[in-house]
Each structure stands twice: as C-alpha cells, then as structure tokens.
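Every number in the working numbering is 41 more than the matching position in the sequence shown, counting from 1.
All remarks here apply to the structure that follows.
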Amino acid sequence: MKIRYFDHAATTPVSEKVLNEMLPYFNIQYGNASAMYSLGRQAKRKVEEARKKVADAIKAKSKEIYFTSCGSESDNLAIKGVCYANKEKGNHIITSKIEHHAVLNACKTLEKQGFRVTYLNVNENGFINLGELANSICEDTILISIMFANNEIGTIQPIKQIGEIAHKNNIIFHTDAVQAIGNIKINVDEYNIDLLSMSGHKFYAPKGIGALYVREGINFEKIQDGGHQEKDKRAGTENVAGIVGLGCAIEEIYDNFDEYNKKLLNLRDYYISKLEESGLDIKLNGDKVNRLAGNSNISFKGVNAGELLLALDEARNLCICRLCM
Ligand SMILES: *Cc1c(COP(=O)(O)O)cnc(C)c1O
42 MKIRYFDHAA
52 TTPVSEKVLN
62 EMLPYFNIQY
72 GNASAMYSLG
82 RQAKRKVEEA
92 RKKVADAIKA
102 KSKEIYFTSC
112 GSESDNLAIK
122 GVCYANKEKG
132 NHIITSKIEH
142 HAVLNACKTL
152 EKQGFRVTYL
162 NVNENGFINL
172 GELANSICED
182 TILISIMFAN
192 NEIGTIQPIK
202 QIGEIAHKNN
212 IIFHTDAVQA
222 IGNIKINVDE
232 YNIDLLSMSG
242 HKFYAPKGIG
252 ALYVREGINF
262 EKIQDGGHQE
272 KDKRAGTENV
282 AGIVGLGCAI
292 EEIYDNFDEY
302 NKKLLNLRDY
312 YISKLEESGL
322 DIKLNGDKVN
332 RLAGNSNISF
342 KGVNAGELLL
352 ALDEARNLCI
362 CRLCM
C-alpha cells in the first residue's frame, strides 16, 4: 500500500539516481579513500568529485567542505570547534531559542565548560529581532549561530543581515542550513556565512552523511580524535558511498531547483488555501511569505496534535513523495 508522506522535514527517501550512483561504492569500488593503491585512489577521486559538487551548490571552494556523519555532527563540530579554537578571544555565544537540539545541546555543553550563551527570543512568526541580536553582542562574543530556516514552522531568518551584524563586529557566523539546502539558493559569500551545516537525508541522500562548510581562514578545532581524514578536522574512514550520494543529491536538487521549488510552492499554497477555505478553525504558524516552500505548520483549534497525527496515520493510503509525483 502506498502512503501519503508529509514529513520531508524529518527525512526524505533516497532518490533513485542517488541510490544507483552509490551502489558500486558498497561492494565493487569499496576502497578506503585514504589508501594509496588504485582502489583507494579511485575512491578518493569520487570523494573529491562529491566535495566539488557540494561546494559548487553553495558557491564555496572544495577545500572549505568537510564531510561528517550528519547534520547534528556538523552543528557540534561548527559550534564547539569554533569555541575551542577561539577561547582566548572570548567565551560568549549568541544563538536563538528555536534552534535544533544539535545546536541547543552543544551550547548547553559549552555552558558547563565555562562558555556563556545568549538565547535570543523569536517573535510570533519565528523571527529573531536584529536589534536584540546587536544589543546582545559584547566584547567576549566569538560566535553567532542562527538557523537558516526552522524545521518546525519553516521560518527563514534574515541570514544576510545577521551575517552583516556578525562581521561588522568581527564575530564568526554559523548557520544550521539543514532545512534550507535544496529549498533555498545559497551563496555563502552573499549571505555572509562563515560556517554552514547540512545533512544528506533532508534532501534525498541517505541518513548518516552530512557536511560542514567552513570559510577559509576561520579557526576551528576537531572534536573527535583519530586519523588524519578531512584535513585533520574529522577523523574516521570516509563514508565513500554516503559522500557520493550527498554529492549526487545536492547536484540533482539544484539542477532542478526552479521546477522543484515551484511545484512545492504551489502545493504548499494550495494546501494552505484549501484549509483556509474549509471553515475549520485553523492557525498557520510561522510567516506566510518567508517560509520554506515545502513547509506548512497548522494548528487546528481544539485538536490535539498527537491524536491528529495518529488518526491521519490510520487513514493513510497514497504516496506523494517526490519519487511518485
Ligand atoms: C534534521 C535536522 C538536524 C539534524 O540532522 P541529522 O542529520 O538528522 O543529525 C539539524 N538541524 C535541523 C534544522 C534539522 O532539521
């Protein structure tokens, strides 16, 4: 039985093209990318091809991309890595109250280690206040970490302006772009981004592969000890199949960006307008305009969200995932 799957913010299926690209790297081209013989060198070449695809997608340089195991690891490496490497300059971090747990809990850990964290409020639509951000900056501030787009309500933050404020004050700016990749065209220079986290399984690559962009010249420390992979910043034998999948997926989604995005926008707005016309007592959470193309988040008055979810799961019957559309 096919199902209607409405939770691409939680995870996406692996696209067929991505899956086929990946398959040989499990059992035919299975070389260790750090090995010097040809099987290893071939794997290494594919890893570097994928690195270029990821870099191209966000207008970065290949050497600024580090592969990780997931979005959570990228967030941890970015936040802890920057804080540990820059602790002589200060111990203050600014983030928001609506970040993913990977960011919030990394900050909690840092607080236990003597760092100070400001958690910015957001308004009713989920936006941080730029004035409050500027006012929170002090001499000790070394890092601002604000998510590009929220995973629940889809609100897209004014990333360019946040980056401007950070850079005017000589502060490093990290953004968790896990929800934004594939949904927004990102140019790390235009958006003033120094570090950016992404995760493959949110855009049709498999679970267990992520990447972190770190602008050339930004100091950050590794958080895991081991071999010299990823320029000594992320130990562990490269997940070659996953990396190939990530590269293929990001290329595929941006090659088809306009068409895909338009389809999602139409579906989103159709869905929201139908609910609005229905006469049900609903409230759209988040911003109507600055929200992810694939996101709708709605409260139904008097209805418990958990109960509604289970009832809808009971009534499932058709799949409208990207593969089936
Ligand atoms: C899914 C998600 C993460 C975590 O990514 P994983 O690869 O599942 O660890 C982090 N941030 C946001 C905004 C997410 O949506």
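Glycine is no exception: its CB is placed at the ideal position from the N, C-alpha and C atoms.
Remark: the shortest separation between the CB of Gly-283 and any heavy atom of ligand 1 does not fall under 8 angstroms. Rounded to the nearest angstrom, the gap between the Cα atoms of Ser-177 and Ala-50 is 30 angstroms.
Using a Cβ distance threshold of 9 angstroms, Gly-112 and Ser-314 do not count as a contacting pair. Relative to ligand 1, the beta carbon of Ser-240 is positioned inside 8 angstroms of a heavy atom. Counting only the Cα atoms, Val-344 lies some 10 angstroms from Asp-322. Here Asp-116 carries a helix assignment [DSSP, helix/strand/coil]. Around the beta-carbon of Leu-351, fewer than 16 other beta-carbon atoms lie within 10 Å, marking it exposed. Under the 8 angstroms Cβ criterion, the segment 261-271 counts as touching the segment 112-125, having at least three qualifying pairs.
Annotated as distal: Ala-74 and Lys-58, with beta-carbon spacing of 9 angstroms or more. The beta carbon of Ile-339 sits closer than 8 angstroms to those of Ile-313, Leu-316, Ile-323, Lys-324, Leu-325 and Asn-326, all from its chain and outside the five residues before and after it, given in chain order.
For Ala-143, the CB falls within less than 8 angstroms of some heavy atom of ligand 1. Relative to ligand 1, the nearest heavy atom lies less than 8 angstroms away from the CB of Ser-113.
The DSSP-derived three-state label of His-133 is strand. Distance from Arg-256 to Tyr-107 at the Cβ level is roughly 12 angstroms; contact not present, criterion being Cβ atoms closer than 8 angstroms. 9 angstroms or more divides the Cβ of Asn-331 from the Cβ of Asn-228.
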